[in-house]
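Participant:
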Amino acid sequence: YSDSGDKWDHEDITYRILNFTPDLTEEEIVDAIERAFKVWSDVTPLTFRRVFNVPGDIHIQFSEYDHGDGVAFDGNGGTLAHAYFPGNGIGGDAHFDDSEIFSVFLSDDDKVDLFMVAAHEFGHSLGLGHSSEIQALMAPFYIAYDPEFSLGYDDLHGIQSIYGINSDPRPGDRYIPQRPQPSPPDPEVERCSKSFNAVAFIRNELFLFKGKNFWRMREQGKPLEGYPVEMGQFWHGLPPKIDAAYERHDGKIVFLKGSHYWIYEGVDMDPNYPRPLHEFGLPADVDGALPWGRTGKTYFFKGEIYWRYDEYENRMDKGYPKPIKENWFGVPNNIDAVFRHYDGYSWNTYFIRHRRYWRFDESLGQVDLGFPRNFGVDWMGCK
Amino acid sequence: APLSEEDAPSEITTGAFAYLSKYGYIRNDNPQASTIRRLEDYHSAIRNFQQFYRLPETGQMDEETSRLMSYPRCGMPDVIQRGDQDQTRFRR
Numbered sequence: 058y059s060d061s062g063d064k065w066d067h068e069d070i071t072y073r074i075l076n077f078t079p080d081l082t083e084e085e086i087v088d089a090i091e092r093a094f095k096v097w098s099d100v101t102p103l104t105f106r107r108v109f110n111v112p113g114d115i116h117i118q119f120s121e122y123d124h125g126d127g128v129a130f131d132g133n134g135g136t137l138a139h140a141y142f143p144g145n146g147i148g149g150d151a152h153f154d155d156s157e158i159f160s161v162f163l164s165d166d167d168k169v170d171l172f173m174v175a176a177h178e179f180g181h182s183l184g185l186g187h188s189s190e191i192q193a194l195m196a197p198f199y200i201a202y203d204p205e206f207s208l209g210y211d212d213l214h215g216i217q218s219i220y221g222i223n224s225d226p227r228p229g230d231r232y233i234p235q236r237p238q239p240s241p242p243d244p245e246v247e248r249c250s251k252s253f254n255a256v257a258f259i260r261n262e263l264f265l266f267k268g269k270n271f272w273r274m275r276e277q278g279k280p281l282e283g284y285p286v287e288m289g290q291f292w293h294g295l296p297p298k299i300d301a302a303y304e305r306h307d308g309k310i311v312f313l314k315g316s317h318y319w320i321y322e323g324v325d326m327d328p329n330y331p332r333p334l335h336e337f338g339l340p341a342d343v344d345g346a347l348p349w350g351r352t353g354k355t356y357f358f359k360g361e362i363y364w365r366y367d368e369y370e371n372r373m374d375k376g377y378p379k380p381i382k383e384n385w386f387g388v389p390n391n392i393d394a395v396f397r398h399y400d401g402y403s404w405n406t407y408f409i410r411h412r413r414y415w416r417f418d419e420s421l422g423q424v425d426l427g428f429p430r431n432f433g434v435d436w437m438g439c440k
Numbered sequence: 095a096p097l098s099e100e101d102a103p104s105e106i107t108t109g110a111f112a113y114l115s116k117y118g119y120i121r122n123d124n125p126q127a128s129t130i131r132r133l134e135d136y137h138s139a140i141r142n143f144q145q146f147y148r149l150p151e152t153g154q155m156d157e158e159t160s161r162l163m164s165y166p167r168c169g170m171p172d173v174i175q176r177g178d179q180d181q182t183r184f185r186r
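Listed in order, the protein sequences are those of chains A and B.
The first sequence begins at 58 in my numbering and counts up one residue at a time.
The second sequence begins at 95 in my numbering and counts up one residue at a time.
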C-alpha cells in the first residue's frame with residue numbers, strides 16, 4: 058500500500074452527493090456509496106455521515122470529460138474515476154466518470170460496479186495511494202465485481218496505519234471483514250518481560266512475535282495501539298511460538314517453526330503448506346531468519362552457525378553453514394531473533410537474545426560500540 | 095506530451111507513452127529531451143511499472159505488461175511526483 062501522507066484530522070467525516078448517474082436509481086447509488094464507506098468505517102475509528110445543502114468533507118459527483126478540476130475524463134473505458142487526498146476544498150472529493158455504465162451487484166464486462174469503484178476512490182479520499190498488490194482494493198485496476206469482496210491484508214494494513222483500528226465495532230454492521238478484527242490486549246502478556254520468538258520487517262513495519270501473539274510497530278519505541286493480536290486471527294492456520302519469520306524478495310511471508318515452514322501471500326496461506334524445512338537444507342528449530350534486501354539471499358541462524366540461502370535458485374549457497382563468529386563479529390550465538398530495519402537513512406541489522414539486542418554495522422562488519430542494550434526499553438516503550 | 099511521429103522511434107507506442115506519463119511513470123518537464131533520452135525514459139518507465147506491479151522486469155512492452163495496462167482503472171497516478179527529481183518516487 059502507499060500512504061499519501063495526508064489524513065483527516067477528525068474521525069466524523071461528512072460526505073455530500075452532488076448529483077447522480079442515470080444508470081441507477083438514487084436508492085441504488087446511495088446504497089452503493091454507503092456500502093463503500095462502510096468498508097473503511099468497519100475497520101477504523103472513522104464514521105461517515107451524509108449531509109445535504111451544506112458543504113461536506115467529501116463531495117461526490119458524476120461528470121463527463123472536462124469537469125472543471127483540470128483532470129478531464131476520457132469517455133467510456135480507460136479512466137473510471139478519481140479522487141483527491143484529504144484536505145480543504147477539493148481535498149477528499151471523489152469524481153466518477155459518467156461515461157461509464159455503472160451497475161450494482163453485477164459482474165458484466167460492459168458495466169462497472171459502483172460499489173467497487175467507490176470503495177477504491179474513498180480509499181484515496183482517506184489518504185491511501187495506489188497499492189502495488191494487484192489483488193488489493195487500492196490497486197488501480199478494475200477487474201470485475203466481486204460478490205465475495207472483503208478488505209485484504211494490504212488495504213487493512215494501509216488504512217489502519219493511518220487511522221488505527223476500530224476497537225468498537227458498531228452493531229448492525231453489514232460488512233463483516235473476514236480479516237483481522239484485532240482482539241483486546243491480553244493483560245497476561247507482558248511485552249517487556251521476555252524476549253521474542255521472532256521479529257520480522259514486513260511491509261515497512263516491524264512485527265514482533267511472542268507465543269500466540271504479535272505486535273506491530275511503525276516507529277521505534279511505539280508499538281501500535283490495540284496490540285498484541287493473536288497470530289491466528291491474522292494468518293489463518295499459523296501455529297503459535299514460531300521460530301522465525303521474514304518477508305521474501307517477492308513479497309511472500311515465510312514462517313518457520315520446528316521442522317516445517319509456511320508461506321503466506323498476505324494473510325492467506327499458499328496451498329500445500331506447511332512443508333518440511335529440510336527442503337531448504339536446514340535442520341529443525343532455527344533461531345532466526347534474515348532476508349537481505351532484494352538480493353534474494355536469506356541468512357538463517359541456529360546455535361553457533363549460519364547459512365545463506367538463495368531464494369531465486371532455491372538452494373543453499375556453497376560453503377555454508379559457517380560459524381557466526383567468522384563473519385558477524387560481536388554477534389552472540391543462540392540468538393532469539395534477527396531483523397533488518399531501515400531507520401530512514403540506512404539499514405541496520407539487529408540481533409536479539411533474551412532481553413538484550415546487538416546492532417550490527419553492515420559497513421564496518423561488526424557490532425556497534427555500546428551494545429548490547431535493553432531491547433524492551435529501546436524498541437518497545439518499556440520503562 | 096505525446097511524441098510527434100517524426101520524433102517517435104518505432105518502438106515507442108504513443109498510447110503506452112501517454113499511459114506512462116498520465117500515471118506518473120514519465121516526467122513531462124523536459125519536452126526538449128533528445129529522442130534517445132526519451133527512449134531511455136520510456137523503457138525505464140516500463141521497467142518501473144513492471145517493478146511496481148511485480149511483473150517480469152523486461153523494460154519492454156510485453157504481453158503481460160500490455161494486458162495490465164489495458165484494464166480500466168482509477169485515474170489517480172501510481173507515482174506521486176514532487177517538485178524536483180530527487181523527490182520523484184513510489185510512495186510505499
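Glycine included, each C-beta is placed from N, C-alpha and C at the ideal position.
If you reduce the DSSP assignment to three classes, tell me which class K379/A lands in.
Facilitator: Strand at K379/A.
Participant: Following the continuous beta strand (DSSP E) through Y356/A, name the residue where it begins and the one where it ends.
Facilitator: Unbroken beta strand (DSSP E) run through Y356/A: K354 to K359.
Participant: Given a cut-off of 8 angstroms on the beta-carbon distance, is the pair V256/A and D300/A in contact?
Facilitator: Cβ atoms of V256/A and D300/A: not closer than 8 angstroms.
Participant: Tell me whether P103/B sits in a helix, a strand or coil according to DSSP, three-state version.
Facilitator: Here the model assigns P103/B a pLDDT of 47, short of 50, so the residue's position is not dependable and the matter cannot be decided.
Participant: Cβ of T101/A within 8 angstroms of Cβ of I216/A?
Facilitator: A contact, by the Cβ cut-off of 8 angstroms.
Participant: Residues of the segment 65-84 of chain A in Cβ contact with chain B at a cutoff of 9 angstroms, in chain order, please.
Facilitator: So the list is empty, because no residue satisfies the distance condition.
Participant: Residue range of the beta strand (DSSP E) that E151/B falls in?
Facilitator: That residue, E151/B, is in no beta strand (DSSP E); it is neither H nor E in DSSP.
Participant: For D172/B and G186/A, what's the separation of their Cα atoms in angstroms?
Facilitator: Taking the straight line from one Cα to the other gives about 7 angstroms.
Participant: For G345/A, I'd like the list of residues in its chain whose CB is within less than 6 angstroms of its CB, leaving aside the five on either flank, ordered along the chain.
Facilitator: Hits under 6 angstroms: A301, F358, I392, A394 and V395.
Participant: Measuring CA to CA, which of Y363/A, H116/A and E287/A is closest to F179/A?
Facilitator: Measuring from the Cα of F179/A, the nearest candidate turns out to be H116/A.
Participant: Residues of chain A with a CB under 9 angstroms from the CB of F146/B: which are they?
Facilitator: Result: H187 and S189.
Participant: Taking 8 angstroms as the CB-CB limit, is L137/A close to chain B?
Facilitator: Chain B, which has a Cβ nearer than 8 angstroms to the Cβ of L137/A, makes this yes.
Participant: Check the Cβ-Cβ distances between Q119/B and every residue of chain A, and say whether any is below 8 angstroms.
Facilitator: The amino acid occupying residue 119/B in the given sequence is Tyr; Gln does not appear at that position. Output row for Y119/B: interface = no.
Participant: Could you give the DSSP three-state label for Q290/A: helix, strand or coil?
Facilitator: In this structure, Q290/A counts as helix in the three-state DSSP scheme.
Participant: Could you tell me the distance, in whole angstroms, from the CA atom of L171/A to the CA atom of L334/A?
Facilitator: Roughly 46 angstroms separates the two Cα atoms.
Participant: With a CB to CB cut of under 7 angstroms and the five nearest residues on each side skipped, what residues in its chain are close to K379/A?
Facilitator: Counting only Cβ-Cβ distances below 7 angstroms, and skipping sequence neighbours, we find I362 and Y363.
Participant: Where G308/A and Y402/A are concerned, what is the direct C-alpha to C-alpha distance, given to the nearest angstrom?
Facilitator: G308/A and Y402/A: Cα-Cα distance of roughly 22 angstroms.
Participant: Return yes when at least one heavy atom of the ligand FAD lies under 7 angstroms from the C-beta of E134/B, else no.
Facilitator: The model on display carries no ligand, and the ligand FAD is accordingly not part of it.
Participant: Under 9 angstroms between beta-carbons, which chain A residues line up against D172/B? List them in chain order, please.
Facilitator: By Cβ distance, chain A contributes S59, G186, H187, S189 and P197.
Participant: Any Cβ of chain B within less than 8 angstroms of the Cβ of I90/A?
Facilitator: Output row for I90/A: interface = no.
Participant: Taking DSSP as the reference, what is the three-state secondary structure of I219/A?
Facilitator: Helix, per DSSP.
Participant: By alpha-carbon positions, which one of C439/A, V424/A and D425/A ends up nearest to N431/A?
Facilitator: Among C439/A, V424/A and D425/A, the Cα nearest to that of N431/A is on C439/A.
Participant: If I'm right that S156/A touches F130/A with Cβ under 8 angstroms, what's the distance once you round it to whole angstroms?
Facilitator: Indeed, because the Cβ distance is near 6 angstroms, the residues count as touching under 8 angstroms.
Participant: Let's see if you can read the secondary structure: which residues bound the alpha helix (DSSP H) around H124/A?
Facilitator: Note, H124/A: premise wrong, no alpha helix (DSSP H); not H, not E.
Participant: Answer with buried or exposed for P298/A, where buried requires no fewer than 16 other C-beta atoms within 10 angstroms of its C-beta.
Facilitator: The identity of residue 298/A in the sequence shown is Lys, whereas the question assumes Pro. The residue is exposed, with fewer than 16 neighbouring Cβ atoms inside 10 Å.
Participant: Whole angstroms are fine: how far does the CA of Y356/A sit from the CA of E370/A?
Facilitator: Computed Cα separation, rounded: 14 angstroms.
Participant: So, under 8 angstroms CB-CB, D166/A and I158/A are touching, yes? Tell me the CB distance rounded to an integer number of Å.
Facilitator: So it is not a contact: roughly 11 angstroms between Cβ atoms.
Participant: Please say whether V388/A and V424/A have beta carbons closer to each other than 8 angstroms?
Facilitator: The answer is yes: Cβ separation under 8 angstroms.
Participant: Threshold first: 4 residues or longer. Then list the alpha helix (DSSP H) segments lying entirely within the segment 158-200 of chain A, N to C.
Facilitator: If we require 4 residues or more, the alpha helix (DSSP H) runs fully inside the segment 158-200 of chain A come out as 171-182.
Participant: With respect to the alpha helix (DSSP H) encompassing V100/A, which residues constitute its N-terminal and C-terminal limits?
Facilitator: No alpha helix (DSSP H) contains V100/A, which DSSP labels as neither H nor E.
Participant: By Cβ distance below 7 angstroms, which residues in the same chain neighbour G184/A in space, the five residues on each side in sequence not counted?
Facilitator: Result list for G184/A: D60, S61, D63, K64, F142, P143 and I219, in chain order.
Participant: What beta strand (DSSP E) runs, 3 residues minimum, are completely inside the segment 381-415 of chain A?
Facilitator: Counting whole runs of 3 or more residues, the segment 381-415 of chain A contains the beta strand (DSSP E) stretches 394-399 and 404-410.
Participant: Do S182/A and F151/A come within 8 angstroms of each other at the CB atom, strictly closer than that value?
Facilitator: Checking the displayed sequence, the identity of residue 151/A turns out to be Ala instead of Phe. The answer is yes: Cβ separation under 8 angstroms.
Participant: Check the C-beta distance from T406/A over to L339/A and give it rounded, since I have them as a contact under 8 angstroms.
Facilitator: Not quite, the Cβ-Cβ distance comes to about 20 angstroms (not below 8 angstroms), so this is no contact.
Participant: Which of the three DSSP states, helix, strand or coil, is assigned to L133/B?
Facilitator: Residue state, collapsed to three classes: helix.
Participant: Between Q238/A and chain B, is there a C-beta pair that is closer than 8 angstroms?
Facilitator: Residue placement at Q238/A cannot be trusted, given a pLDDT of 41 that sits under 50; what the coordinates show is reported in the next sentence. No - not a single Cβ of chain B is within 8 angstroms of the one on Q238/A.
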